[in-house]
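Chemist: In this note's numbering, the protein residues as written are 3 to 539.
For each residue, glycine too, the CB sits at the ideal point set by N, CA and C.
Quick caveat, the model's predicted, so the values are computed rather than measured.
First the structure, then my questions, so here it is.
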RNA sequence: GCGGGUGUAGCUCAGUGGUAGAGCGUCACGUUGCCAACGUGAAUGUCGUGGGUUCAAGUCCCAUCACCCGCUCCA
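Structure, rendered in structure tokens:
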């Protein structure tokens, strides 16, 4: 742990020193869970987002059906009608504190779990106590009857009386939660202390600050996509299967933000909701699972620190058929941490929004109907068939949901390398280098005059001005050449171009490669083309 | 949320209740001939913040904020 801690310390120090990441409002003592990207950090993160958008939206891969994936983008408001969060399930459990079970991972509202006491008529002490879930005392008692009868028989039979007290009331009288049993696991001691879960940031819309004007900052970008599903269907010519993508900020009022930018209260997501038929959904799920994993690998997360983990049945949400996490072993933890989740969500979200909004969010498959309608000669039969699957249905959703800040942090961790390079006297010295994939590097190329005379600076600057029309470039004539190379290594610049004496004689420059330190000579007129070819800019 | 630790220059860190420091970095000038050069000079601090004790607080006390570690948590 000590060595890994040192690694994170070095990385965070580098990120601060070279302008990748700053703590938010640092001059006022900072604020927990919020981070700013500096001049180099914003380039890095933007490159990651742009690459994602290019690879997923504007130039998506070929799907399992042999056709190019159809994908459109949206950019939705952060604040939405609060009913959205009722439909999505994010608002439930707000009114009452909750307890979690450490064993079964269940979460229960205190007013919906009851302590059931079974006692003989007139007896002071119950002969059996257990826990039961219910919407109210009545439903809890009803649910408990079967078990109480069995317990009564076991204890010799005879009449018994039931009493149900909600955990809320029990704990009000006696705050010891460890004597209460989890209604699922049925053993005491597995429940956490009750807590208020209010992880959505709350605000007021309009000048009037009362209950009717409460709104929330979105805790995920996905719901904006679902809420616009019908709009996109009606106004573009997409056909299922297709996806809607969005990059944007989300907010969660995390109890305990930690691990640098990994768990922040304000963060940026890159999400796709991919809509397909139920029949093809597992095929699409497998496709996205692999496509998204490969995306990270292709951009440089090559080590064994990246893995694709299928969630176990117990981890899955009730509506989900399958979910895989793309995880990275960050230096700050012994455990893999989630970068992205690829979830098979069934049609849960569209069902919820159709129900809560009262709007029809079904999709009608024209092509299939045109193909099959001859099979329904009877008009009434045809009308019924037309409005049911496989012609009209709520599409199934596969959701690849990635964290842009987490990806940025993973790429930084993976890129950070210490190796050795010879100094002026040929002695090996430690070198810090960020080995970013060239596509992600904040600065693509730096231009140096070997020395500041004989017209070298002018030539180098002219090349710099020409090149920056196409890519982020940097000009540096300060200090010795070796030092300038090292400065660029430290921020991950893949190429450095040096104008030297030979440039004056034959018009060639040296291009030095970041990872290998190898140098090649290129005619100065060909430098831009040489770089654009290798950087795809 | 609980317990422990830390907070001094851009970074890493010294600093016995009595003048605010070092290395690296940054900037200027000179030098420069391909991998962390050298010389000279310079800038940089409400010692996290707010109270308190004291003749005097970076140092002691209290509170608070931020970060780190361990638990917890991650809807």
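With H, G and I counted as helix, E and B as strand and the rest as coil, what does DSSP make of residue 26?
Modeler: As a position in the first chain, residue 26 is number 24, starting the count at 1. Residue 26 falls in the coil class under three-state DSSP.
Chemist: With a threshold of 7 Å on Cβ separation, who are the neighbours of residue 181 within its own chain once the five nearest residues in sequence on each side are excluded?
Modeler: Position 179 of the first chain, counted from the first residue, corresponds to residue 181. Excluding residues up to 5 positions away in sequence, 190 lie with their Cβ nearer than 7 Å to the Cβ of residue 181 in the same chain.
Chemist: Taking C-alpha atoms, which residue in 353, 393, 304, 356 lies nearest to residue 369?
Modeler: Taking the first chain and counting its residues from 1, the one referred to as residue 369 is at position 367. Of 353, 393, 304, 356, the residue nearest in Cα terms is 393.
Chemist: Find out if the Cβ-Cβ distance for the pair residue 472, residue 530 is shorter than 8 Å.
Modeler: On the first chain, residue 472 is found 470 positions in, with the first residue counted as 1. On the first chain, residue 530 is found 528 positions in, with the first residue counted as 1. Cβ atoms of residue 472 and residue 530: closer than 8 Å.
Chemist: From what residue to what residue does the beta strand (DSSP E) around residue 385 run?
Modeler: To locate residue 385, count along the first chain from 1; it is residue 383. That residue, residue 385, is in no beta strand (DSSP E); its alpha helix (DSSP H) goes 381-388.
Chemist: Could you round the C-beta distance between residue 183 and residue 132 to whole angstroms and report it? I think they count as a contact, below 8 Å.
Modeler: Translated into positions along the first chain, residue 183 becomes position 181. Translated into positions along the first chain, residue 132 becomes position 130. The Cβ separation is near 6 Å, so the contact holds.
Chemist: Measure the alpha-carbon distance for residue 117 versus residue 88 and round it to whole angstroms.
Modeler: One-based indexing of the first chain puts residue 117 at position 115. One-based indexing of the first chain puts residue 88 at position 86. About 28 Å.
Chemist: Going by CA-CA distance only, name the one from 258, 285, 401, 31 that's closest to residue 68.
Modeler: The residue you call residue 68 lines up with position 66 of the first chain. Measuring from the Cα of residue 68, the nearest candidate turns out to be 285.
Chemist: At which residues does the alpha helix (DSSP H) containing residue 415 begin and terminate?
Modeler: The residue given as residue 415 occupies position 413 in the first chain. Boundaries of the alpha helix (DSSP H) harbouring residue 415: 406-417, taken from the DSSP string.
Chemist: Closer than 6 Å by C-beta to residue 377: which residues in its own chain qualify, once you throw out the five before and the five after it? Chain order, please.
Modeler: Position 375 of the first chain holds residue 377. Excluding sequence positions up to five before and after residue 377, its CB lies less than 6 Å from no other CB in the same chain.
Chemist: Below 8 Å, how does it come out for the region 301-316 and the region 329-346: are there three or more Cβ pairs, yes or no?
Modeler: The region 301-316 is in contact with the region 329-346.
Chemist: Please determine, among 249, 136, 222, 287, the residue with the shortest C-alpha to C-alpha distance to residue 186.
Modeler: In the first chain, residue 186 corresponds to position 184, counting from 1. For the residues 249, 136, 222, 287, the minimum Cα distance to residue 186 belongs to 136.
Chemist: From what residue to what residue does the beta strand (DSSP E) around residue 475 run?
Modeler: Locating residue 475 in the first chain gives position 473, where the first residue counts as 1. From DSSP, the beta strand (DSSP E) with residue 475 extends over 475-477.
Chemist: What does the alpha-carbon distance come out to for the pair residue 24 and residue 14?
Modeler: In the first chain, counting from the first residue as 1, residue 24 sits at position 22. In the first chain, counting from the first residue as 1, residue 14 sits at position 12. For residue 24 and residue 14, the distance between alpha carbons rounds to 9 Å.
Chemist: Cutting at 7 Å between CB atoms, please list the residues of its own chain near residue 340, excluding the five before and the five after it.
Modeler: Start at 1 with the first residue of the first chain, and residue 340 comes out as number 338. Cβ neighbours of residue 340 beyond the five flanking positions: 327, 329.
Chemist: Identify whether residue 470 lies in helix, strand or coil by the three-state DSSP scheme.
Modeler: If you number the first chain from 1, residue 470 lands on position 468. Coil at residue 470, not helix or strand.
Chemist: According to DSSP, is residue 299 helix, strand or coil?
Modeler: As a first step, residue 299 must be located in the first chain, where it is residue number 297. Helix, per DSSP.
Chemist: By the three-class DSSP mapping on this structure, what secondary structure does residue 12 have?
Modeler: As a working note, residue 12 is residue 10 in the first chain. When DSSP states are grouped into helix, strand and coil, residue 12 belongs to the helix group.
Chemist: Three or more C-beta pairs under 8 Å: does that hold for the region 507-515 against the region 475-483?
Modeler: Per the Cβ contact rule, the region 507-515 is not in contact with the region 475-483 (fewer than 3 Cβ pairs under 8 Å).
Chemist: Should residue 560 go down as buried or exposed, given a rule of 16 or more other Cβ atoms within 10 Å for buried?
Modeler: For the chain, the structure presents residues 3 to 539; residue 560 sits outside this window and is missing.
Chemist: How would you write the range of the beta strand (DSSP E) that residue 248 sits in, first residue to last?
Modeler: Stepping through the first chain from its first residue, residue 248 is reached at position 246. That run of the beta strand (DSSP E) goes 244-253.
Chemist: Is the Cβ-Cβ distance between residue 435 and residue 421 less than 8 Å?
Modeler: Residue numbering aside, residue 435 sits at position 433 when the first chain is read from its first letter. Residue numbering aside, residue 421 sits at position 419 when the first chain is read from its first letter. The answer is yes: Cβ separation under 8 Å.
Chemist: By alpha-carbon positions, which one of 264, 355, 466 ends up nearest to residue 408?
Modeler: For the purposes of this step, residue 408 is identified with residue 406 of the first chain, where counting begins at 1. Ranking 264, 355, 466 by Cα distance to residue 408 puts 264 first.
Chemist: Using the Cβ count rule (16 or more neighbours within 10 Å means buried), how would you classify residue 383?
Modeler: Walking along the first chain from the start, residue 383 turns up at place 381. Exposed.
Chemist: Assuming residue 167 is part of the beta strand (DSSP E), what are its boundary residues?
Modeler: In the first chain, the residue the question calls residue 167 occupies position 165. Per DSSP, residue 167 belongs to the beta strand (DSSP E) from 163-168.
Chemist: I'd like to confirm the pairing. Which residues does DSSP put opposite residue 278 in its beta bridges?
Modeler: Along the first chain, one-based indexing puts residue 278 at 276. Its beta-bridge partners are 398.
Chemist: Roughly how many angstroms lie between the CA atoms of residue 516 and residue 460, to the nearest whole one?
Modeler: Here residue 516 is taken as the residue at index 514 of the first chain, counted from 1. Here residue 460 is taken as the residue at index 458 of the first chain, counted from 1. Roughly 24 Å separates the two Cα atoms.
Chemist: What did DSSP end up calling residue 525 once you bin it into helix, strand or coil?
Modeler: Numbered from 1 along the first chain, position 523 holds the residue referred to as residue 525. In the three-state scheme derived from DSSP, where H, G and I count as helix and E and B as strand, residue 525 is classed as strand.
Chemist: Mind reading off the beta-carbon distance from residue 112 to residue 164? Whole number of angstroms is fine, and I expect it under 8 Å.
Modeler: Position 110 of the first chain, counting from 1, holds the residue named residue 112. Position 162 of the first chain, counting from 1, holds the residue named residue 164. A Cβ-Cβ separation of about 20 Å leaves residue 112 out of contact with residue 164 under the 8 Å criterion.
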